[in-house]
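If you use my numbering, the sequence shown corresponds to residues 199 to 580, in order.
Where a beta carbon is used, it is the ideal one built from N, C-alpha and C, also for glycine.
Everything numeric in this text was worked out from a predicted model, so none of it was measured.
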Amino acid sequence: MGSTQERLTAWLTLEAVPGIGPVTATRLLAAVSDSGSGAPSAIDTLFLWDDSKLHEIGLSWAQIQALRHPEVGVVQALEWAERPDNRLICRDSPEYPPLLREIPAAPLLLYCRGDLDALSAVQLAMVGSRHPSYAGRDNATRLSRALAERGLAITSGLALGIDGICHQQALAAGGITLAVLGSGLDSVYPRRHQGLADQIVASGGLIVSELAPNKGPLAEHFPRRNRIISGLSLGTLVVEAAEQSGSLITARYALEQGREVFAVPGAPQNGQALGCNRLIQQGAKLVMEPDDVLVELNWAQIRAVSGAEVDEMAAITGTNSALPYADLLDNVGYETTSVDTVAERAELPVEVVLGRLVELELAGAVIAVAGGYVRTRRANHV
Numbered sequence: 199m200g201s202t203q204e205r206l207t208a209w210l211t212l213e214a215v216p217g218i219g220p221v222t223a224t225r226l227l228a229a230v231s232d233s234g235s236g237a238p239s240a241i242d243t244l245f246l247w248d249d250s251k252l253h254e255i256g257l258s259w260a261q262i263q264a265l266r267h268p269e270v271g272v273v274q275a276l277e278w279a280e281r282p283d284n285r286l287i288c289r290d291s292p293e294y295p296p297l298l299r300e301i302p303a304a305p306l307l308l309y310c311r312g313d314l315d316a317l318s319a320v321q322l323a324m325v326g327s328r329h330p331s332y333a334g335r336d337n338a339t340r341l342s343r344a345l346a347e348r349g350l351a352i353t354s355g356l357a358l359g360i361d362g363i364c365h366q367q368a369l370a371a372g373g374i375t376l377a378v379l380g381s382g383l384d385s386v387y388p389r390r391h392q393g394l395a396d397q398i399v400a401s402g403g404l405i406v407s408e409l410a411p412n413k414g415p416l417a418e419h420f421p422r423r424n425r426i427i428s429g430l431s432l433g434t435l436v437v438e439a440a441e442q443s444g445s446l447i448t449a450r451y452a453l454e455q456g457r458e459v460f461a462v463p464g465a466p467q468n469g470q471a472l473g474c475n476r477l478i479q480q481g482a483k484l485v486m487e488p489d490d491v492l493v494e495l496n497w498a499q500i501r502a503v504s505g506a507e508v509d510e511m512a513a514i515t516g517t518n519s520a521l522p523y524a525d526l527l528d529n530v531g532y533e534t535t536s537v538d539t540v541a542e543r544a545e546l547p548v549e550v551v552l553g554r555l556v557e558l559e560l561a562g563a564v565i566a567v568a569g570g571y572v573r574t575r576r577a578n579h580v
């Protein structure tokens, strides 16, 4: 075996030992490093030590036997890594992302598919609800697209809802996006995002997991996945999240890792936004526009609005000034607003309101959704 394959074999074998996870492995390797044995690296030293010394640093006799006799999964992982587009990176590899290596319990191995250069890109994590409101979808669309256009790689979890929107908009902007899975790369979850995963790889992005390729999704995988999403990134932007949301786990990891935390505010009446509002109360950076993120990160790219965007905004302003029933529009929110609520606010009969809302919808100022209407961003004329 070549040296690279030998190193991968060592890391795979260590990870396969029962009871050995990233935290325990880090402790063992630190104990080996502190020994001053002069071996090339801690992982090499670990396998050179005799059984009694391994037992002294905390390995059970059963674990030592497992270390001496690699399981069949080690060979399978090595074979997987030899296939086109697949790469397996161990924690002491020069290709391992430095930011991720800094976090507590950094993964021992990363299974990757796609362009490894994406790992070295400056990344922003964007996460949120699997069942976003119209406002959540709109915020995810405009922010992820704009930030990708300015050169940030967008990292998320390939989940339904906000995650998927952020990946898709980064791709639409011609940017780079990375998806960190809560399953193995050969068992993409959710299945309906298999096509999106393939598109990410084909477009110069990367899909990543610390799990063996054939591992299916389990509930305990996703909190572990979240620490990688935040660990790869300079900061985490929570677009929309309820108070009991997995996205808040990602935000907590970001805080623990010393990274920036951003959140998009929402109306108090929107239960899907309560988690974001709470994060802002606790000190997260409030984000309304892309520059709120870029300035906080000291992003060196052009921060001014491009000429094309200025023209677009001017066109939108011109369009809004001619909108029909602008006074009625003021009673439609960016969250779902029922027809009865609009009628009550406008002090008009429901049948009159319905007719005018139809005209506003034709003008692109509102969108009909389940439960009522929402105002579009292009209708922000006041």
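Residue closest to residue i, alpha-carbon to alpha-carbon, out of the options
i      : options                        : result
Ser239 : Lys251, Cys364, Asp290         : Asp290
Leu265 : Asp248, Arg390, Ile447, Val462 : Asp248
Ser385 : Trp259, Leu484, Ile405         : Ile405
Asp490 : Leu297, Pro463, Leu472         : Pro463
Thr263 : Val564, Gly217, Arg281, Val320 : What sits at residue 263 in the sequence shown is Gln, not Thr. Per the Cα distances, Gly217.
Leu306 : Asp313, Leu286, Arg573, Arg281 : Leu286
Glu300 : Pro220, Ser231, Glu204, Arg205 : Pro220
Gln442 : Leu472, Asn468, Leu552         : Leu472
Ala275 : Leu206, Leu546, Thr534, Leu484 : Leu206
Ala333 : Thr535, Thr539, Val548, Ala541 : Thr535
Ala279 : Cys310, Ala223, Ile255         : Cys310
His391 : Ala417, Leu244, Leu495, Ser354 : Ser354
Simplified DSSP assignment, three categories, for residue i
i      : result
Leu484 : strand
Val386 : coil
Arg554 : helix
Ala544 : helix
Arg328 : coil
Tyr571 : strand
Gln321 : strand
Glu293 : coil
Glu533 : coil
Ile398 : helix
Val459 : strand
Gly217 : coil
Ala223 : helix
Gly256 : coil
Leu341 : helix
Leu560 : helix
Met511 : Residue confidence for Met511 is low, a pLDDT of 32 falling below 50, so the modelled location carries little weight; the figure read from the coordinates is stated next. Helix.
Leu416 : coil
Glu549 : helix
Gly505 : Note that Gly505 scores 36 on pLDDT, short of 50, meaning its location in the model is unreliable; the coordinates nonetheless yield the value given after this. Here Gly505 sits in helix by DSSP.
Beta-carbon gap between residue i and residue j smaller than 8 Å
i      : j      : result
Leu430 : Pro388 : no
Ser401 : Leu376 : no
Gly382 : Lys413 : yes
Ala452 : Gly433 : yes
Val272 : Thr211 : yes
Gln321 : Leu356 : no
Ile426 : Glu408 : yes
Gly312 : Asp336 : no
Gly380 : Pro411 : no
Ala423 : Val378 : It should be pointed out that residue 423 corresponds to Arg in this sequence rather than to Ala. In this structure, Val378 lies closer than 8 Å to Arg423 by Cβ.
Gly403 : Ile374 : yes
Val572 : Tyr523 : no
Leu492 : Arg348 : yes
Ala582 : Val551 : Any answer about residue 582 is impossible in this case: the structure gives the chain only from 199 up to 580.
Beta-bridge pairing of residue i - partner residues as DSSP gives them
i      : result
Val585 : Only positions 199 to 580 of the chain appear in this structure, which leaves residue 585 out of reach.
Cys310 : Arg285, Val406
Ala626 : Nothing in the structure corresponds to residue 626, since the chain is present only between 199 and 580.
Arg266 : Bridge partners of Arg266: none, in fact.
Ile426 : In DSSP, Ile426 forms no bridge with anything.
Ala566 : Tyr571
Ile352 : Leu322, Thr375
Val436 : Val325, Ala461
Cβ-heavy atom distance, residue i to the ligand NAP, below 7 Å
i      : result
Ala440 : This structure lacks the ligand NAP, and indeed carries no ligand of any kind.
Contact between the region 316-331 and the region 434-442 is defined here as three or more beta-carbon pairs at a separation below 8 Å; is this criterion met? yes
Contact between the region 331-348 and the region 474-488: three or more CB pairs below 8 Å? yes
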